[in-house]
Each structure stands twice: as structure tokens, then as C-alpha cells.
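This report refers to the structure that appears directly beneath it.
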Amino acid sequence: MLNKVSIDDINFKGLRTLVRCDFNVPLQDGKITDENRLVASLPTIRKLIGDGAKVILCSHLGKPKGEPKPELSLAPVAVRLSELLGQEVKFAADPEVVGPNAKAAVAAMKDGDVILLENTRYRKEETKNEDNFSKELASLADIFVNDAFGTAHRAHCSNVGVAKYVKTTAVGYLMQKEITFLGNAVNNPKRPFIAILGGSKVSSKISVINNLLDKVDTLIIGGGMAYTFMKAQGGTIGNSLCEDDYLDYANDMIKKAADKGVKMLLPVDTVIADDFSENANTKVVKAGQIPDGWQGLDIGPETCSLFADAVKNAKTVVWNGPMGVFEMKKFAKGTEEVARALADTDAVTIIGGGDSAAAVNQLGYGDKMTHISTGGGASLEFLEGKELPGIAAATDKKRHIMAAGNWKMNMTPSQAVELINTLKPLVADKSDTTDVVLCVPAIDILPAVEAAKGSCIHIGAENMYFEEKGAYTGEISPDMLTDAGAEYVIIGHSERRQYFAETDETVNKKVLKAFEHGLKPIICCGETLTQREQGITIDWIRQQVKIAFLGVTAEQAASATIAYEPIWAIGTGKVATAEQAEEVCGAIRNVIAEIYDASVAANITILYGGSVSASSAPGLFAMEDIDGGLVGGASLKPDFAKIVKFDKQ
Ligand code: PGA
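If you're matching positions, the sequence shown starts at 196 in my numbering and goes up one per residue.
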């Protein structure tokens, strides 16, 4: 299956779908006090239920610091989500998050069921993005959907690490909405484009200011950080907040704005107080004229009008950060006025998450804004122009492929060692995205395994007998292969069917034996030219696959590899077209879905084989249902590395 950016491109029927949500909601005495984030997650969950997916939700909540903290359990979220969805969301209570309880709950799921895992931050590995927990999460799922924009600027197991171990990834509707609105606002805005930045610290907004100056027509700066700008310009600011280390930076930004023809609006007056409290004495003074003993805590009335006027003519406004200490009524006016100006304008209005989103919602202007981001830090980093790891992991993921060589009756042991030594450095960088396998003559296995040590090359055999041991002169047993270090074994290659009278039944016996011994079978099937010309290709392949998989469990099947090798294309230089190969590989996936389910079909590896070369591989491997290739002739030379190098998106 291909990695799709949009969940609309995927039919989730029967697939175990792990959805990273942002359920980091405020709780008081076990009650959710703001459920905006739950409501925002519903469209994606509903689409998955509608498709008949097995929906496995996960999220962090607060900071339990790597251990179970009952007050930070997601249990109340499951209850409220059930009400919002009108369907039970089963809570998989489990202190290990992916422990026995969660696994059992997932195993018992039916299509359309929804479960919620426990707080991912109960696990200490989560915030360190450690592989073991990422793998555990991935083991529950066939597909990963990231819909947690609020955490997208973090690289944790449940939003980044997990994507590495799941074949298919996508972003959910909420994430997509954030990317669209924030992305369009910043990169493709309707002009005039105004950004309003507030908040207390210049230092936390350095990159945002710098990046936005390249994009906006007007930049408005209010809030605590405006005082650093005032001081930088020679004003007096009393006891106001100031970051002296950033005075030069502030001047640089003022200069950059002038050089770029960007209008920069700073406060012209300010509400000052003689104490940081609701009971302080206050007055309004001109900006940069704050007496000693006083501090600026809000923008003044003239500034409110100035900012509101600027907003009136805008077509796009992005706002991040309050204008004053809006938590105190006395100093909330500036923030309120800006919020009102945004509510009144016809411009596209985008509110960065965090404080400004809270202010807009508190003032009841929520539905007057075009988009209120659900991410605080994440929206800020987005405005900085940074790539967010949570988005990149789900959208830029390269799909895993397999490049398997079949040396047939070629290569002596010493030639084998030489070629493997040549290949090793050439394929070293592909270990994350490609299973590189060389299936070699039995006599080459030992030296090949030795030569491949420490590299990403795995060694397999080309055949194996289905008995354990005994009087079968010339045959090789599964134990011999595993003991020699082989991990894979080709079974039912057409040449064995043709020259050594292997039948579908013997293939089945060998497949079962391979699984029994922990060997990974690469099971071959394919039609003759006559069969293709008679139009019976698909029927023939279905029969071969069905018999090969008799008695194979779903778990075994999910880890199997099937190689579709049209006999007329093997060693002939007559490669199947990508469309011909895709048609049959798609049909094979369907048979597997029929025998097992969609989940097994999504996980099984399906290769194309038959005259694959460095030039034909990219076109073939790019097809939806082709997960790589089984390569004969072209695997006998160092050029095989070129086939391995293919990146599948
Ligand atoms: P070929 O062989 O690439 O030389 O056609 C493929 C195979 O038989 O596995």
C-alpha cells in the first residue's frame, strides 16, 4: 500500500488504524473543562468508523513524566468521546499503554470499533522517541494516521517514531486543515497580509518575526515583547519586561522591515501600572516614556485604534500572542480590541494556538475567525517556516520495499563473497527503507552470511525440502538453512516447478515448514505465455496462491512475501509492463484479503519478478501493489545496488 497524504485516498475497511490524536485537554477533578480538542478530532474518527476501520486512538495528556499517574489517565476522555460519537469508545486501561490489556482489546476489535489507549506519556520512552515503544505502538496497527497538530512540533514515539514501523501513514482531517490554513496564510496569502505578534518574549518569537518579515505587508508587534523594541529605539521603559540581549536583534528587525518595505507597527501608547496586580494604579503614557517604578502591561487606546485600523484593510491576518496581561481584567483591553477587530474584518483570520486562541474563545469570537489553530508551539513553529517532525513523519515517509536477488545456479562461494563485499557499502544507506535480500545457492550460504555480517544485506536460500531430515539425497532441510544463518527461502520458483516437478501441493508443504522453522518464505507464482494469451492469468494465480497458503495462519501470512513472476518474462528480457504487473499483484492482494482480511493483505509483501533491471525497476516498484522485486540476472552484478536504491513514496 502506498503512503497517502490524505485519508480520503484510503479505504480503511478492516484495517487496524492507529490514530494519534491531541486529547491533551484540561481536566479538573476528573472532568474535562474544555473539550475543543475532542470535538476537533471527530471528523477523522467518523470517517474511519464509516469506512469500517478498527480505530485505535492514542494521545498524551499532561506530563506524567514516564510513569502511570491516575489523575492523568485518558479514561475520562473515552467516556466523553463515546458521548460525542454516539458509539462506545472502549478504554484500553493499561499501565504499559501497549501491554497485555491493550493487545487483547485490539485483538478483540471488530470492524468499526473504536478503542482509546492509555496516556502515551505513561511510558518514559515516549518523549525520547525511543524505538522499542514506537515498535510496540506500530505492532498494533496496519496504518498510522497522525491527527495531532498540537504535538506536531515534537518528535515522540506516538507521532514520529511509530511512522517508521508502519507501512502506510497519512494525516487526518484536523492536521490537514491546519496545514492548509496555516500553510496558505503564510505561503500563499491574500494581500494585504498582516501578522500580529504578541506575548512576553522576543526570544521565543525570534524566528517567527524573521520569517514573517519575508512574507507580510505589515507586522504588528504588541505584548510584553514590544518593550524590548521600545528600549532598542532609545525609549525609557521603567520596570517593563525587557530582554536586553535582544536589543540589537530588535533593531535589526526594524531595519529589515524598512529594507523590505514592510510596515512595522509598534505601540504608540501603553497602559502602565505601579505593580503587577489587578489592584495596581494605572495610567496611559506615550510609548517609550515609562517612568521608573512603572511597568507597561497592555497597549494603550491609541495603539488599539492603530492596530484595529490596520486590520480593517487586510485580506489575511495571522495573530499569535496577547497584547497585554489579558488574564487580568485591567490589562485585557488591548487583547480584546485586537480580537474584536479580527472578528469584525472580512479578512481570512488565522489564530495561532495557545493564549491568543484562548482569548478569542473566552471573548466568544471563536466562530468569527476563519481558523483557530489547535497547536500553540506547533503553530508558532509553522509560522517560523520550520518543518514539523509530526507532519514530515506522516507525509514524507518513504515506503518500505524489498529488493531480493535470486542468484539461481550462478556464483561460486568465492564469487559470492566478492560480490557481497562490493555491494555492502553501495546499499548501506538503505537499511531503513529496504529489505535487501540475496537468495544464494546452498553452498554459498555460509560464506555469504559471514560476508554480509554487519551490513543490511540478508541472506536467503533458493529452495528447501519439506521434511526435517532423512534419506532424501541431495536435499536441504530447514534446520540446515537456519543453522547456516539463512533468513529467507524462495519457494515454488517456476524453474523448480518446471524442471523439478514441484506442484502447488509441495509448495504448500514447504511454505508451512519454512514458517515452522522461522524462515521467511518468498513464495513464487506466475503464468505461462499460453495462459496469459488464453486470458486465464488471474484464475491461475489465484489457484497457486490459495493452495500455497493452505494452513498458513493470518499472522504468518502477514509476514510472508509473494513474488509474482510471469514465466514468459523470466530471463527473457521481456519485462511485464508496470500495468500488467500491477494488475496481477493487485489481484494477489485481493486473494489474500479474501483468505484472511484487509489487515493481512495490507501487510503482506508482494514482489514482481522477471527481467527486472535498474531501468525497469523504478516504473514497476512505483506501482501501488508492488512492494519491490525478485531479481535474477541483474542481481549477479554490483549494479543490483541501483535496483536497491529505489525510493518509494
Ligand atoms: P530474471 O529472473 O530477473 O533473470 O528474469 C527473475 C527470477 O527468476 O527470479
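Using N, Cα and C, we set each Cβ at its ideal position, and we do this for glycine too. All of these numbers come straight from a predicted model, not from anything done at the bench.
{"Query": "Burial state of arginine 386 (16 or more Cβ within 10 Å)", "Result": "exposed"}
{"Query": "Other residues of its chain near phenylalanine 376: CB distance less than 6 angstroms, five sequence neighbours each side excluded", "Result": "Ile545, His566"}
{"Query": "Arginine 211 burial status per 10 Å Cβ neighbour count (16 or more: buried)", "Result": "buried"}
{"Query": "Of the listed residues Asp630, Leu442, Asp443, nearest to serine 650 (C-alpha basis)", "Result": "Asp630"}
{"Query": "Distance, glycine 687 Cα to threonine 628 Cα", "Result": "27 angstroms"}
{"Query": "Simplified DSSP state of alanine 656, which is helix, strand or coil", "Result": "strand"}
{"Query": "As assigned by DSSP and simplified to three states, the class of glycine 828", "Result": "helix"}
{"Query": "Buried or exposed (CB count within 10 angstroms, at least 16 for buried), alanine 189", "Result": "Residue 189 lies beyond the stretch modelled for the chain, which goes from 196 to 844, so this question has no answer here."}
{"Query": "Option nearest alanine 656 by Cα separation, candidates Ala679, Ser794, Lys648, Ala468", "Result": "Ala679"}
{"Query": "Element boundaries [alpha helix (DSSP H), containing aspartate 674]", "Result": "673-679"}
{"Query": "Cβ contact check for the segment 710-722 and the segment 734-753: 3 or more pairs under 8 angstroms", "Result": "yes"}
{"Query": "Through-space distance from phenylalanine 207 to threonine 239, alpha-carbon basis", "Result": "12 angstroms"}
{"Query": "Coarse secondary structure for lysine 478, derived from DSSP in three states", "Result": "strand"}
{"Query": "Same chain, Cβ closer than 8 angstroms to lysine 199, neighbours up to 5 away in sequence not counted", "Result": "In this prediction, lysine 199 has a pLDDT of 43, which is less than 50 and means its spatial position is unreliable; what the coordinates show is noted afterwards. So the list reads Ile205, Thr363, Ala365, once near-sequence residues are dropped."}
{"Query": "Opposing strand residues paired with aspartate 464 [DSSP bridges]", "Result": "Lys481"}
{"Query": "Glutamate 657 beta carbon near the ligand PGA (any heavy atom closer than 7 angstroms)", "Result": "no"}
{"Query": "Contact under 8 angstroms by Cβ, valine 463 with threonine 423", "Result": "no"}
{"Query": "Straight-line gap, alanine 235 to alanine 587 (C-alpha atoms, nearest Å)", "Result": "21 angstroms"}
{"Query": "8 angstroms Cβ cutoff met for phenylalanine 344 and alanine 589", "Result": "no"}
{"Query": "Residue environment, alanine 302, which counts as buried when at least 16 other CB atoms sit within 10 Å", "Result": "exposed"}
{"Query": "beta-carbon glutamate 697 near the ligand PGA non-hydrogen atom, thresh 7 angstroms", "Result": "no"}
{"Query": "Residue burial classification, methionine 564 (beta-carbon count within 10 angstroms, cutoff 16)", "Result": "buried"}
{"Query": "Whether isoleucine 838 touches valine 779 by CB criterion (8 angstroms)", "Result": "no"}
{"Query": "Nearest-angstrom Cα separation, counted from phenylalanine 841 out to leucine 197", "Result": "Since pLDDT at leucine 197 reaches only 33, below the 50 mark, its modelled position is unreliable, and the value read off the structure follows with that caveat. If you take the alpha carbons of leucine 197 and phenylalanine 841, they lie about 14 angstroms apart."}
{"Query": "DSSP three-state assignment for leucine 311, whether helix, strand or coil", "Result": "strand"}
{"Query": "For proline 716, the residue or residues it bridges with in DSSP", "Result": "Val684"}
{"Query": "Leucine 614 CB to nearest heavy atom of the ligand PGA below 7 angstroms", "Result": "no"}
{"Query": "Leucine 537 versus serine 395 - alpha carbon distance", "Result": "21 angstroms"}
{"Query": "Under 8 angstroms between C-beta atoms of alanine 776 and isoleucine 821", "Result": "yes"}
{"Query": "Runs of alpha helix (DSSP H) lying entirely within the segment 350-415, each at least 4 residues, in chain order", "Result": "357-360, 368-382, 401-408"}
{"Query": "Strand pairing of aspartate 627, partner residues [DSSP]", "Result": "In DSSP, aspartate 627 forms no bridge with anything."}
{"Query": "Span of the alpha helix (DSSP H), counted from its first residue to its last, around leucine 661", "Result": "Rather than leucine, the amino acid found at residue 661 in this sequence is phenylalanine. Where phenylalanine 661 is concerned, there is no enclosing alpha helix (DSSP H), given that its DSSP letter is neither H nor E."}
{"Query": "Selection from Phe710, Leu578, Ala793 that minimises the alpha carbon distance to isoleucine 401", "Result": "Leu578"}
{"Query": "Entirely enclosed beta strand (DSSP E) segments - the segment 201-260, minimum 3 residues", "Result": "211-215, 249-253"}
{"Query": "Start-end ranges of the beta strand (DSSP E) lying completely within the segment 781-806, minimum 3 residues", "Result": "800-804"}
{"Query": "Own chain, CB closer than 7 angstroms to glutamate 331, minus 5 neighbours either side, in chain order", "Result": "Val293"}
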